[in-house]
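The structure appears below as structure tokens.
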Amino acid sequence: GAGVSQSPSNKVTEKGKDVELRCDPISGHTALYWYRQRLGQGLEFLIYFQGNSAPDKSGLPSDRFSAERTGESVSTLTIQRTQQEDSAVYLCASRLAEATDTQYFGPGTRLTVL
Amino acid sequence: GENVEQHPSTLSVQEGDSAVIKCTYSDSASNYFPWYKQELGKGPQLIIDIRSNVGEKKDQRIAVTLNKTAKHFSLHITETQPEDSAVYFCAASITKAGWGKLQFGAGTQVVVTP
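Line order of the protein sequences matches chains A and B.
Numbering follows this note's numbering, in which position 84 of the first sequence is assigned residue number 138; successive positions increment by one, without gaps.
Numbering follows this note's numbering, in which position 55 of the second sequence is assigned residue number 341; successive positions increment by one, without gaps.
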């Protein structure tokens with residue numbers, strides 16, 4: 055079946071604008087993660103959703119960042135009042151929780167804040 | 287929290303030679319250690335993983351070893367080929383129902399020259 059998809063693939067925005075990034079996980083995967091990857095660096099955990107449980111938001115860098123997930127499907131990461139330091143690739147991963155540890159990553163959204 | 291260090295940051299090898307990447311972790315409770323390969327413009331792809339109850343795992347030209355006492359694990363690629371050129375990330379996590387967020391190393395840029 056289809057893998058994890060993300061949209062848009064690229065987003066250029068002006069400082070101070072809000073952006074929304076979308077993730078469509080693999081069908082049936084109950085766990086969903088967002089990570090941020092700055093240029094030339096490793097991935098930083100942002101937020102985690104598992105079924106109907108309260109999300110783990112411990113990785114969100116500021117209150118300008120928020121995320122939602124509709125049931126066990128689509129998730130949206132929102133960044134308000136974007137800053138230049140928000141420029142990065144935002145990666146989404148999904149996992150068939152309770153059956154496997156493997157996280158499957160999408161291609162990412164490259165965000166550039168001018 | 288967990289901290290993962292990865293070395294070297296860059297690795298250049300001749301085609302046919304072996305490549306070794308090493309990682310250390312800080313949290314002794316970590317029990318799952320995946321390795322991801324990331325090609326330019328793509329999301330990370332899982333290439334091999336190991337759990338804390340296993341000391342070594344092999345899949346064709348790729349092998350991973352884990353030393354729980356020393357808290358380090360390594361990726362070994364034998365008979366390297368140009369298509370092995372990519373950035374490789376190690377990661378660690380504590381897996382249990384409702385968790386599994388990965389802490390990544392900073393990555394190793396591997397270049398295989400023909």
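Where a beta carbon is used, it is the ideal one built from N, C-alpha and C, also for glycine.
*Label A:E126 either buried or exposed according to how many other C-beta atoms from any shown protein chain fall within 10 Å of its C-beta, with 16 as the threshold for buried.*
Here residue 126 of chain A is taken as the residue at index 72 of the first sequence, counted from 1. Flag for A:E126 reads buried.
*asked:* Going by DSSP, what residue range makes up the beta strand (DSSP E) through A:E122?
replied: For the purposes of this step, residue 122 of chain A is taken as the residue at position 68 of the first sequence. Note, A:E122: beta strand (DSSP E), F119 to R123.
*Classify B:Q395 as helix, strand or coil using the three-state DSSP reduction.*
Locating residue 395 of chain B in the second sequence gives position 109, where the first residue counts as 1. Three-state DSSP puts B:Q395 in a strand.
*Exposed or buried, B:P400, counting other C-beta atoms within 10 Å across all chains shown (16 or more means buried)?*
Position 114 of the second sequence, counting from 1, holds the residue named residue 400 of chain B. Exposed, because fewer than 16 other Cβ atoms sit within 10 Å of the Cβ of B:P400.
*Going by C-alpha distance, which of A:A85, A:Q134 and A:E98 is nearest A:D72?*
Here the question's residue 72 of chain A lines up with position 18 in the first sequence. Here the closest residue by C-alpha is A:Q134.
_Contacts of A:F99 in chain B (Cβ-Cβ under 9 Å)_ = For the purposes of this step, residue 99 of chain A is taken as the residue at position 45 of the first sequence. Simply K387, L388, Q389 and F390.
*asked:* Run through chain A and tell me which residues come within less than 8 Å of B:L332, C-beta to C-beta.
replied: Here residue 332 of chain B refers to the residue found at position 46 when the second sequence is read from its first residue. Those are T156, Q157 and Y158, listed as they occur along chain A.
*The beta strand (DSSP E) spanning A:V58 covers which residue range?*
One-based indexing of the first sequence puts residue 58 of chain A at position 4. Note, A:V58: premise wrong, no beta strand (DSSP E); not H, not E.
*Using a Cβ-Cβ cut-off of 6 Å (strictly less than) and excluding sequence neighbours within five positions of A:R164, which residues of its own chain qualify?*
Here residue 164 of chain A refers to the residue found at position 110 when the first sequence is read from its first residue. Correct list, in chain order: N64 and V143.
_Coarse secondary structure for A:L74, derived from DSSP in three states_ = Counted from its first residue, the first sequence places residue 74 of chain A at position 20. Just to set this straight, residue 74 of chain A is Glu in the shown sequence, not Leu. It is a strand residue.
_Contacting positions in the region 134-156 of chain A - beta carbon closer than 9 Å to chain B_ = V143, L145, C146, A147, R149, A151, E152, D155 and T156
_Span separating the alpha-carbon of A:A56 from that of B:Q324_ = Indexing the first sequence from 1 puts residue 56 of chain A at position 2. Indexing the second sequence from 1 puts residue 324 of chain B at position 38. The straight-line gap from Cα to Cα measures roughly 19 Å.
*Which partner residues of A:N64 appear in the DSSP bridge assignment?*
As a working mapping, residue 64 of chain A is identified with position 10 in the first sequence. DSSP output for A:N64 lists A:R164 as bridge partner(s).
*Are the Cβ atoms of B:V350 and B:S360 separated by less than 9 Å?*
Mapped onto the second sequence, residue 350 of chain B falls at position 64. Mapped onto the second sequence, residue 360 of chain B falls at position 74. A contact, by the Cβ cut-off of 9 Å.
_When you compare the CB of A:P161 with every CB in chain B, is at least one pair closer than 9 Å?_
Residue numbering aside, residue 161 of chain A sits at position 107 when the first sequence is read from its first letter. Yes, its Cβ sits closer than 9 Å to a Cβ of chain B.
*asked:* Looking at the strands, I want to know which residues DSSP matches up with B:K344.
replied: Numbered from 1 along the second sequence, position 58 holds the residue referred to as residue 344 of chain B. B:A349.
*Span of the beta strand (DSSP E) holding A:R149?*
For this step, residue 149 of chain A is matched to residue 95 along the first sequence. Run containing A:R149: A142 to R149, per the beta strand (DSSP E) assignment.
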